[in-house]
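In UniProt numbering, the protein residues as written are 1 to 126. Right, one structure below, let's go through it.
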Amino acid sequence: MIFESNFSILQEKTVQLDEDSAGLFYAEHSKRGFFNNLIKYMTSGPVVVMVLEKEEAVVDWRALIGPTDASKAKISHPNSIRAMCGLDMERNCVHGSDSPQSAAREISFFFGEVLSTGDVLEHDEL
Numbered sequence: 001m002i003f004e005s006n007f008s009i010l011q012e013k014t015v016q017l018d019e020d021s022a023g024l025f026y027a028e029h030s031k032r033g034f035f036n037n038l039i040k041y042m043t044s045g046p047v048v049v050m051v052l053e054k055e056e057a058v059v060d061w062r063a064l065i066g067p068t069d070a071s072k073a074k075i076s077h078p079n080s081i082r083a084m085c086g087l088d089m090e091r092n093c094v095h096g097s098d099s100p101q102s103a104a105r106e107i108s109f110f111f112g113e114v115l116s117t118g119d120v121l122e123h124d125e126l
């Protein structure tokens, strides 16, 4: 689905998040009722993280993955990634940055800073 939707994968790796890393990544949700279950899920096994590129990448990726609640996505967006692979609100299979600013922060979290050419700059090289 990624390539069929004209995304390029600039960077990809598999990571095993610990509770501290997952908590830091999802810190904006720390006061929400689902936070502990989200952290438990995100640390339950390996996670594939990718940097995707295309025009309007954030908007197009969010359309492709569908609504956050996978159980609702199964009804409203049955061909979305979350509908096909997710289970519910917390175990929805896939993350999508909600803005270019969030994408930059999230890319930096996992990869350092990624340029459109796929080159990675570490923070101390900026």
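Note that the Cβ used here is the ideal one computed from N, Cα and C, for glycine as well.
Could you check where the alpha helix (DSSP H) with residue i kicks off and where it finishes?
{"i": "Ile9", "result": "Element bounds for Ile9: not the alpha helix (DSSP H) but the beta strand (DSSP E), Ser8 to Val15."}
{"i": "Met84", "result": "Ile81 to Cys85"}
{"i": "Ser108", "result": "Pro100 to Phe111"}
Which whole-angstrom value describes the C-beta separation of residue i and residue j, a residue pair presumed to lie in contact below a C-beta threshold of 8 Å?
{"i": "residue 128", "j": "Asn92", "result": "Absent from the structure is residue 128, since the part of the chain shown begins at 1 and ends at 126."}
Among the options, which has the Cα closest to the Cα of residue i?
{"i": "Pro100", "options": "Tyr41, Glu55 and Asp18", "result": "Glu55"}
{"i": "Thr68", "options": "Val58, Leu87, Asp60 and Ala57", "result": "Leu87"}
{"i": "Ala57", "options": "Gly112, Glu90 and Ser5", "result": "Ser5"}
{"i": "Asn36", "options": "Gly45, Val47, Pro46 and Glu19", "result": "Glu19"}
Is the number of C-beta pairs between the region 10-30 and the region 47-66 that are closer than 8 Å three or more? yes
Any contact between the region 66-78 and the region 32-44? By contact I mean 3 or more CB pairs, one from each, below 8 Å. no
Could you name each continuous alpha helix (DSSP H) segment of 4 residues or more that falls completely within the region 14-85, going from the start of the chain to the end? As far as the region 14-85 is concerned, its whole alpha helix (DSSP H) runs of at least 4 residues are 19-25, 35-42, 57-65, 70-76 and 81-85.
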